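Working notes, beginning with the structure itself.
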Amino acid sequence: MANIKRIDGKTGVAYKITVTSGRSTDGKQVRHYLTWKPDPGMTDKQMEKAVQKAAFEFEQQIEKGFIADNRQTFAQYAEYVVGLKERSGAKRRTVELYRELLTRINAAIGHLKLTDIRPQHLNLFYANMAEAGIRTATIKATPKKDIAALMKSKKLTSAEIARSSGMAASTFRPAVHGQTVSKNTADTLAAALGYKTETLFKLTQDTSPLSARTILGYHRVISSVLSQAEKEMLIPYNPAHRASPPKQERPETDSFQPDELTRILECLELEPVKWRTITHLLIVTGCRRGEIMGLHWDAIDWKRQQLRIDRALLYTPESGIYEDTTKTGETRFIKVPSETIQLLKLYRAYYDGLKVKNGDRWIESEYVFTRDDGGVMNPDNVTQWLANFSKKHGLPPIHPHKFRHTMASLLIYNGTDVLTVSKRLGHAQVSTTTDIYSHAIKEADERAAESIADVVLRRA
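In the working numbering, the protein residues as written are 0 to 459.
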């Protein structure tokens, strides 16, 4: 039987509900507590009836094994869940993303007790993020002067600026190439060069609301934390499952047209063999950028003309450059054309020449693609090089993932079955492939229908 105690405090009336459920190993009674507060405006009779109902439901929950945690806040429990993910082997990037998103989440609902969170709290949070001016890093800095030229005039290298400023070279390198960076990065770089930020950079404020995709990212983190609480029977249900986050319509995949791809390949012939080989592999394999940069020499089967994709080289500001498994944790083998093998052999000769040229300065590693001294490359450098390459040759904007979409779309359009495409891309499920490339699949189906009509119905 539940015990109910009324408490008349300065902030109003509350009830303390106590339920006992057997004894612990040391013989002491196990007690569970719940603080219940009536809705404003309730009469004493209404409160009495409502608290009796709450006590009965609480007692039923205890009997079923459900133990409400009436003290732990969302922020406290979220920290526990992140630790749980780390111990269970979640990818480093996932854990860092959780910590990053929880900063904003905890500011909004972190103080709420797990048992007090309702769908309305989450809906208000999502609505707030959809308002203008909500972004935290709202000020962006675009170079007004040639940063690379200034560095050259002051005889400063990226490595020297990185050492003096304590900032990774990969963080400020976009500014060196004329690209937009955060104000913090601009401030640090300007100070290292001996200028005021406003002299080197044009500052603009981004007041646009967060996108539906970004808000859904926050929703997934909240839902994951509350799902764990529900699983551990700390809350009766997951409020995120009853909330209403914005819907995100999946955009059509951005891929190159065949004539654009031909032009890119022609321009690549004018570039250094290392970058030509990296870009060529992105085009013909459909691999993720990190998978190409994580390629080891022993993963190339020269005779069978195939690559073993079993790792990825990644970068985050918190961890720096590190190696991980593929996104799904699976190993796959990708067949490549003979032209690709020939290009890899040409690059290998260049690579061996670099080793000889560097001598004792060479940093030994198993990676196929390295810095000119053999050191590990930051995978972000690939994205930056492709951006500069596209500008240099007047090509459409190039992002590594665009090659992945292009390969998949071309294969599907030319009749390759979706299962084969899915395995080549390294998707965990075929449904992922069909969802992403539904437009290409529809076009291939329409083409197949016309082919059937040509053969069966339109014979002369």
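For glycine and all other residues, C-beta sits at the position ideal for the given N, C-alpha and C. Since this is a predicted model, take the numbers as computed values, not measurements.
Check, Outcome
"Beta-carbon spacing of ALA140, LYS182 below 8 Å", "yes"
"Neighbour-count burial assignment, MET0, 16 or more Cβ in a 10 Å radius", "exposed"
"Close-in-space but distant-in-sequence residues of the same chain around THR433 (CB under 7 Å, 5 per side omitted)", "VAL417, ILE440"
"Proximity below 8 Å, CB of LEU121 to CB of ALA228", "no"
"Continuous beta strand (DSSP E) stretch holding SER20: start and end", "11-22"
"Whole-angstrom distance between ALA107 and ASP372, CA atom to CA atom", "48 Å"
"Residue range of the alpha helix (DSSP H) that includes GLU47", "43-62"
"Spatial distance of TYR125 from ARG134 (CA atoms)", "13 Å"
"Backbone secondary structure at ASN357 - three-state DSSP", "helix"
"Residues that DSSP places opposite SER35 in a beta bridge", "Note that residue 35 is Trp in the sequence shown here, rather than Ser. TRP35 is bridged to TYR14."
"Check whether PRO245 and LEU215 have beta carbons under 8 Å apart", "yes"
"The segment 396-404 contacting the segment 287-297, beta-carbon criterion three pairs below 8 Å", "yes"
"Exposure label - TYR32; buried when at least 16 CB within 10 Å", "exposed"
"DSSP beta-bridge partners of SER181", "LYS139"
"Alpha-carbon spacing of GLN256 relative to LYS90, whole angstroms", "34 Å"
"Local conformation of ALA311 per DSSP, three classes", "strand"
"Spatial distance of ALA185 from SER364 (CA atoms)", "33 Å"
"Contacts around ILE299, its chain only, beta-carbon distance under 7 Å, and the 5 residues preceding and following it disregarded", "LEU306, LEU343"
"Exposure label - ASN2; buried when at least 16 CB within 10 Å", "exposed"
"Anticipated Cβ contact below 8 Å, THR278 with LEU188, distance rounded", "Contact doesn't hold; Cβ gap of about 28 Å is too wide."
"Under the three-state DSSP convention, the category TYR217 falls into", "helix"
"Exposure label - LEU83; buried when at least 16 CB within 10 Å", "exposed"
"Residue range of the unbroken beta strand (DSSP E) whose run includes LEU202", "200-204"
"CA nearest to the CA of TRP35, picked from MET46, HIS110, GLY293, GLU78", "MET46"
"CB contact flag (ILE146, ALA191, <8 Å)", "no"
"N- and C-terminal bounds of the alpha helix (DSSP H) containing ASP379", "379-391"
"Whole-number beta carbon distance between THR325 and ILE308, since they are thought to touch under 8 Å", "6 Å"
"C-alpha gap between TRP296 and ARG70, whole angstroms", "55 Å"
"Stretch-stretch touch, CB-based, cutoff 8 Å, three pairs: the segment 89-104 with the segment 148-168", "no"
"Option nearest GLN247 by Cα separation, candidates VAL335, TRP361, ARG212", "ARG212"
"Buried or exposed by the 16-neighbour rule on C-beta atoms within 10 Å, applied to ALA158", "exposed"
"Simplified DSSP state of GLN305, which is helix, strand or coil", "strand"
"The segment 343-361 / the segment 312-328 touching (three or more Cβ pairs under 8 Å)", "no"
"Close Cβ partners of LYS334 (< 7 Å) along its chain, the five nearest in sequence each way excluded", "GLN304, GLN305"
"C-beta contact flag for VAL29 and ARG22 at 8 Å", "yes"
"ASN122 - DSSP class collapsed to helix/strand/coil", "helix"
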